[in-house]
Every structure is written in C-alpha cells, then in structure tokens.
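Mapped onto the working numbering, the consecutive letters of the sequence shown carry residue numbers 1 to 206.
Data block below; observations after.
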Amino acid sequence: MMYQVYSTETMVVEKKPAAKKMFIYALVLLTVVLGIGIGIAIGRLAICSHEKRELKPDGVLLPGISEALIKDGDPTIGDDLIQAIKSENIAEYLRNLTNEPHLAGTSADKRQAEELRDFWLHVGLDHVTITPYKVLLSYPNNTEPNFVQLLDNNQTILYNSPLNETIIRPEENKTDVVPPFNAYSAPGDEYVRITLVLFIVIYIHL
C-alpha cells in the first residue's frame, strides 16, 4: 500500500511540469494567431484606404478634411482668373514697374507703391494698406562715387570702372538712374592683390 501511494504522488509531481509547458505553448500560439490577425487587419485597412484615395477625382487631397471645404464654391471664378492672365498684360506691368528708377526709400519708390495701391483698388480689392518701415539704407554718393581700379606695382592705374552704366537703348536714358555702388559694403578704400585663376572649358558637340 505504501508503494502505491508513493507511485501516485510521483505521477502527480511529474504531471505539473507538463501542464505548465502546455499552458506556455497555448499562450505562444494564441499570441502568434492574434499577431497575424492584427497584421492582416492593418494591411487590409491600409489597402482599402489607398484604393479609396485613388478613386477620388484629381485635386487637393487632405485626409480628414471635408471635400466641401476644399472645393471651389463657384467654379467660374477660377476660370475667370485663368482667362484673365495674359502674357501681354504681364509684359505691360513689368514695363510700367521698371520704366522709371525707384531706389528703395526715395520719393520715386513711394510713388510707385501708391500706384500699385491704386491699381489693386481699381481691379476690385476692398482694402490695400501701405505699411512704412524705418530701415537703414545705403545710398550712392554723387560727389564720391564708388569705383574699382586696377593698379600695377607702381600704383599706376591700368583700369578704372565706369561711374555710369552704358546706355544701350534710348528708353534707358533717365536722369534719375542710380550709379553703380556697393550697397552693402562699409565706407572706405580697400586694397587687395589680384588672384588669377586659369581654367579650360571643353565643349563637346553632339
């Protein structure tokens, strides 16, 4: 009888590790199945959302934003704007903006700003504001103009940069044309040695 009791206890002791292993195996299997299921669900949702985006019409796509907020309220307005843009108008505007010298901070610059304000009001804008700024600007000195000289070892002038730009076309002959000057350099004279760099450019004709 004692032997049988010992044998029963021995069998009970041996069954406990087997039960733990089975529980661990079941837990691992459940984790793997859940992981695969979650992965398939995420992949499916990603593919479905991608397919929905491709079905949308051409235009701005903003996730989470209603189409009513990004679509044109009146499509004819966009068409009118596109049709109003003409290369002839752009050329005319550029010609008017560059016809007269308008150095920043001068009366000519202010006059051009006022003309632009009047233009935008004329085309239909409700309100246009000109905001003045106090900026420290550099201006050319007509009595001591900026120039560049090329000197030899004896301080003989070999080249002197022109004090005024050459007039190429008659319409460029303006009285208020700004002479060449270094707008962002400190006052004074600077002397530097010339560094000559030789290079060769090879052109291949195909």
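Where is the CB? At the ideal position from N, CA and C, for every residue including glycine.
What you are looking at is a predicted structure, and each value in this text was computed from that prediction instead of being measured.
Taking the beta strand (DSSP E) that residue i belongs to, which residues open and close that run?
{"i": "residue 157", "result": "157 to 160"}
{"i": "residue 150", "result": "149 to 151"}
Whole angstroms is fine: what's the gap from residue i's alpha carbon to residue j's?
{"i": "residue 106", "j": "residue 146", "result": "20 angstroms"}
{"i": "residue 153", "j": "residue 193", "result": "10 angstroms"}
{"i": "residue 122", "j": "residue 103", "result": "25 angstroms"}
{"i": "residue 172", "j": "residue 70", "result": "47 angstroms"}
{"i": "residue 101", "j": "residue 111", "result": "11 angstroms"}
{"i": "residue 189", "j": "residue 179", "result": "18 angstroms"}
{"i": "residue 99", "j": "residue 89", "result": "15 angstroms"}
{"i": "residue 149", "j": "residue 168", "result": "24 angstroms"}
{"i": "residue 195", "j": "residue 157", "result": "18 angstroms"}
{"i": "residue 181", "j": "residue 137", "result": "13 angstroms"}
{"i": "residue 127", "j": "residue 74", "result": "22 angstroms"}
{"i": "residue 170", "j": "residue 144", "result": "27 angstroms"}
{"i": "residue 92", "j": "residue 67", "result": "38 angstroms"}
{"i": "residue 57", "j": "residue 119", "result": "In this predicted model, residue 57 has a pLDDT of only 49, less than 50, meaning its place in the structure is not dependable; the value taken from the coordinates is given anyway. In a straight line, the C-alpha of residue 57 is about 37 angstroms away from that of residue 119."}
{"i": "residue 161", "j": "residue 94", "result": "30 angstroms"}
{"i": "residue 151", "j": "residue 186", "result": "22 angstroms"}
{"i": "residue 42", "j": "residue 20", "result": "33 angstroms"}
Measure from the alpha carbon of residue i to the alpha carbon of each residue in the options, then state which is nearest.
{"i": "residue 140", "options": "184, 85, 67 and 87", "result": "184"}
{"i": "residue 131", "options": "116, 166, 143 and 73", "result": "116"}
{"i": "residue 176", "options": "29, 91 and 142", "result": "142"}
{"i": "residue 97", "options": "86, 87 and 109", "result": "109"}
For the alpha helix (DSSP H) that residue i lies in, which residues bound it at each end?
{"i": "residue 78", "result": "75 to 84"}
{"i": "residue 122", "result": "107 to 122"}
{"i": "residue 138", "result": "First-last for residue 138: undefined, no H or E at that position."}
{"i": "residue 91", "result": "87 to 98"}
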